[in-house]
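The block underneath contains the structure these notes are about, expressed in structure tokens.
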Amino acid sequence: MYRYDSYDQAMVDARVAEFRDQARRRLEGKLTEDQFKPLRLMNGLYLQLHAYMLRVAIPYGTLDARQMEMLADIADKYDRGYGHFTTRQNIQYNWIKLEDCADALADLATVEMHAIQTSGNCIRNISSDHFAGAAADEVVDPRPYAELMRQWSSFHPEFTYLPRKFKIAVIASEKDRAAMRLHDIGVRIVKNDAGEVGAQFYAGGGMGRTPMIAPLIRDFVPIDQFITYAEACLRVYNRYGRRDNKYKARIKILVHELGAGEYIRQVEEEFAHLLSVGVEPPTAELERIKAHFELPEPLRLPGQGAGTPLPSGGAAESGAPGQARGGAFDQWVKRNTHPHRHPEYVSAVISLKPAGGIPGDATSDQMRVVARLAREYSFDELRVMHTQNLLLPHVAITDLPAVYAALDEAGLGAANMDTIEDIIACPGLDYCSLANARSIPLAQRISERFAQTGRTSQVGELKLKISGCINACGHHHAGHIGILGVDKKGVENYQLSLGGSEAEDVALAKITGPGFDEDGVIAAVEKVTDVYLASRTAGERFLDTYRRIGMEPFKEALYG
Amino acid sequence: MSQNLGTSPDEVQFRFRDDEPVDHGTVTVDSALEQTNAAAVRIEPGDDARALLPFLDRLALIEVNFPGFGDGRGYSAARILREAGYAGELRAVGDVLIDQLSHMRRCGFDSFAPDKRLDEEDAARAFATWENVYQRAADARRTIPEKRHEA
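Residue numbers (the working numbering), protein chains in the order written: chain A, 1 to 560; chain B, 561 to 711.
This is the structure:
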């Protein structure tokens, strides 16, 4: 994975010093809170309902054991012994004190980490496919391209006061595991017919109160013009994105109001101009970055059968002779592993969704267990998934029993990836000052209920996403089932929607009808799964059945 | 058009040029397009800086106004002017704050007339925040990627 050189380290150190100075000027009254706010936001410090929240960047979701241990130490030292992993592959601490913040940032800098641009109206941390570098189906590892963008976007002098926040995702496979088209810019690294690597750009996607799927704006940008094209996209947005209304300030509104065709025309004009100016980093830089992402030696040559899903019998056979294994282990292997490019390895998902738990939360002790497992079994590499889970990207199949046993002991062994228990939920009214309703208790009750009734495995893949307000941090528009919490005359009310997807079959969910109270929406989710179970044909996921039979049968069951 | 639109040389707090500052009427972009003798013009956030490109030769001062520090359109305006070869004074005026100085400098601003005078020491520190930079901009600084691959 990527390692800082002295330049990268100096940039992060300079940022810590700058933030310390800003905090001093704030305390001396030289900065008003209005003036300080964007500065602290660009250092990841956000004011929630009860306290400051610090959001630490985990670029493209990749980190090593040492870094995970530092995240655990920070949770103990400056917070309440836990952290929350987010849908953009970062971690948030919910109880940070303003006066501790510079020290926490300084600690992070010792392990090549930071909170730069994790909030504010700037280019945010670049996200990517959590299986990057391991997945059997990718064209190349997308992370070097994301790292190139990370450096370009860090302290970008022109794009620090954009109309609104700006999120970029980079993937390199047909399958979309990063909700790429729901980003302000989505990039897919591709190869053309001549075998040359280039970038496909989508722009103007997003969730929030006006969800939009990003249209394709360029099929192929030669890779030695990659940054120049991104700069053109941003410049058009910075100049013409709306600034009169913060709810209409995201790039999706600009692309929508101009029309994709006109936005493309303007970007192409700016792109041609910037090519003549010359803003692209030297091509040798991409090569330098790529070298950091070379797979560890034992993983380099995928043999025959690379990427074939693990046969269910095969998984049960794995492990050292004499090791205990049973139904739960088999279940976990079946649910929580993903094909690796090397046939003797898999990527193993560490669920942060125990039934009845808080989605995405991990204690400092759990973080340390995960770090140890990464060191012992996954070439010192870890990932944060956009589904608010963690991942050991490179695990030998023979090590799976040992990995599972350790996870299970730490309360991290839930076998529920992509099931109805694997709920994405925003912090909601328990933490967030914007929320209208609680998300976490609802997620807890739903996962507990489905776990108790044993229906989780019966239903199979079903992505449930919960947001506590229309800002949609819980991605409810993209849920196979989405739940949106609203305030109805002082009472929490939940709107149900069906048919969304954040994947390559991207779609926005549609509202079923009138909302429900908390008990009512849990019953409604069960009814919806009743309809699915009664109507599905062999091999159909919930989403497939919904697409085939449409909304009516579900409405009938809910309101008929 | 108002003759008092622009800032005067005494309102300039930081200037990174050796030539004599222009000290006469500053006009709006619209007026500049009509008035062929205007040598100083002021860009507001909604103005298209590119409208000035045909007249850059006759301009000695371009002010870019920041009515609120959070409106970043002026950063693009500045770079666009420098990319087009504008070599005259480029002045950031209005709600210009300490923590914007280094980025503005990188976008091509070479003089600063903040509404409220800034603390000299804090400003000096701010101008020097970044010993190195990642990306190309309107300044001539060699970037980190370029330095990494210097022969």
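Idealized CB from N, CA, C, for every residue including glycine.
For residue i and residue j, I'd like the C-alpha separation in whole angstroms.
{"i": "F554 of chain A", "j": "S457 of chain A", "result": "21 Å"}
{"i": "W152 of chain A", "j": "E691 of chain B", "result": "16 Å"}
{"i": "A230 of chain A", "j": "Q92 of chain A", "result": "28 Å"}
{"i": "T453 of chain A", "j": "C101 of chain A", "result": "44 Å"}
{"i": "P401 of chain A", "j": "V139 of chain A", "result": "31 Å"}
{"i": "D655 of chain B", "j": "V624 of chain B", "result": "11 Å"}
{"i": "A132 of chain A", "j": "A647 of chain B", "result": "46 Å"}
{"i": "G585 of chain B", "j": "R651 of chain B", "result": "15 Å"}
{"i": "A592 of chain B", "j": "A598 of chain B", "result": "6 Å"}
{"i": "A232 of chain A", "j": "I96 of chain A", "result": "37 Å"}
{"i": "C473 of chain A", "j": "T210 of chain A", "result": "13 Å"}
{"i": "D578 of chain B", "j": "P157 of chain A", "result": "24 Å"}
{"i": "A134 of chain A", "j": "R341 of chain A", "result": "6 Å"}
{"i": "M417 of chain A", "j": "A396 of chain A", "result": "19 Å"}
{"i": "R541 of chain A", "j": "Y532 of chain A", "result": "9 Å"}
{"i": "E287 of chain A", "j": "Y60 of chain A", "result": "18 Å"}
{"i": "R666 of chain B", "j": "N94 of chain A", "result": "35 Å"}
{"i": "T118 of chain A", "j": "N43 of chain A", "result": "7 Å"}
{"i": "L41 of chain A", "j": "E69 of chain A", "result": "25 Å"}
{"i": "I350 of chain A", "j": "S154 of chain A", "result": "30 Å"}
{"i": "A14 of chain A", "j": "Y377 of chain A", "result": "35 Å"}
{"i": "S562 of chain B", "j": "V587 of chain B", "result": "Only weak support is given to the placement of S562 of chain B: the predicted model assigns it a pLDDT of 45, under 50, and the question is left unresolved by the model."}
{"i": "R702 of chain B", "j": "Y694 of chain B", "result": "9 Å"}
{"i": "A23 of chain A", "j": "D64 of chain A", "result": "30 Å"}
{"i": "L565 of chain B", "j": "G632 of chain B", "result": "21 Å"}
Would you say residue i reaches chain B, if we count a Cβ-Cβ gap shorter than 8 Å as a contact?
{"i": "E376 of chain A", "result": "no"}
{"i": "D21 of chain A", "result": "yes"}
{"i": "H156 of chain A", "result": "yes"}
{"i": "A146 of chain A", "result": "no"}
{"i": "P281 of chain A", "result": "yes"}
{"i": "K30 of chain A", "result": "yes"}
{"i": "M11 of chain A", "result": "yes"}
{"i": "L39 of chain A", "result": "yes"}
{"i": "Q151 of chain A", "result": "yes"}
{"i": "T512 of chain A", "result": "no"}
{"i": "A14 of chain A", "result": "yes"}
{"i": "R239 of chain A", "result": "yes"}
{"i": "Q92 of chain A", "result": "no"}
{"i": "Y7 of chain A", "result": "yes"}
{"i": "R243 of chain A", "result": "yes"}
{"i": "L412 of chain A", "result": "no"}
{"i": "T160 of chain A", "result": "yes"}
{"i": "R25 of chain A", "result": "yes"}
Using DSSP's beta-bridge definition, name the partner residues of residue i.
{"i": "V491 of chain A", "result": "A:K488"}
{"i": "H114 of chain A", "result": "A:A57"}
{"i": "G566 of chain B", "result": "G566 of chain B pairs with nothing; no bridge assigned."}
Could you tell me the boundaries of the beta strand (DSSP E) in which residue i lies?
{"i": "F687 of chain B", "result": "Careful: F687 of chain B lies outside any beta strand (DSSP E), inside the alpha helix (DSSP H) at E680 to F687."}
{"i": "R651 of chain B", "result": "E649 to G654"}
{"i": "S671 of chain B", "result": "S671 to P674"}
{"i": "N625 of chain B", "result": "L621 to F626"}
{"i": "K465 of chain A", "result": "L464 to S467"}
{"i": "P339 of chain A", "result": "T337 to P339"}
{"i": "Y202 of chain A", "result": "V197 to A203"}
{"i": "K555 of chain A", "result": "First-last for K555 of chain A: E552 to Y559, but that is the alpha helix (DSSP H), not the beta strand (DSSP E)."}
State the start and end residues of the unbroken alpha helix (DSSP H) segment that holds residue i.
{"i": "K527 of chain A", "result": "E518 to S535"}
{"i": "R164 of chain A", "result": "Counting along the chain, R164 of chain A falls outside any alpha helix (DSSP H), and DSSP gives it neither H nor E."}
{"i": "I350 of chain A", "result": "No alpha helix (DSSP H) contains I350 of chain A, which is instead part of the beta strand (DSSP E) from Y345 to I350."}
{"i": "K252 of chain A", "result": "I251 to L258"}
{"i": "Q595 of chain B", "result": "Note, Q595 of chain B: premise wrong, no alpha helix (DSSP H); not H, not E."}
{"i": "P222 of chain A", "result": "Taken as a continuous stretch (DSSP letters only), P222 of chain A belongs to no alpha helix (DSSP H), being part of the beta strand (DSSP E) at L216 to P222."}
{"i": "V12 of chain A", "result": "S6 to L27"}
Measuring only between beta-carbons, confirm whether residue i sits less than 8 Å from chain A.
{"i": "R702 of chain B", "result": "no"}
{"i": "N692 of chain B", "result": "yes"}
{"i": "A697 of chain B", "result": "yes"}
{"i": "H709 of chain B", "result": "yes"}
{"i": "R685 of chain B", "result": "yes"}
{"i": "T586 of chain B", "result": "no"}
{"i": "P627 of chain B", "result": "no"}
{"i": "E706 of chain B", "result": "yes"}
{"i": "L657 of chain B", "result": "yes"}
Under 7 Å from any heavy atom of the ligand COA, does the C-beta of residue i make it?
{"i": "T398 of chain A", "result": "Summarising the ligand content, the structure contains no ligands, and the ligand COA is consequently not present."}
Quiz item: What are the complete beta strand (DSSP E) segments, minimum 3 residues, inside the segment 30-112 of chain A?
Solution: Positions of the beta strand (DSSP E) runs, each at least 3 residues long and wholly inside the segment 30-112 of chain A, are given as 45-47, 52-56, 82-85 and 91-96 in order along the chain.
Quiz item: Considering only residues of the segment 348-431 of chain A, which uninterrupted alpha helix (DSSP H) runs meet the minimum length of 4 residues and lie entirely inside it, listed in chain order?
Solution: Here the runs fully enclosed are 364-377 and 400-409.
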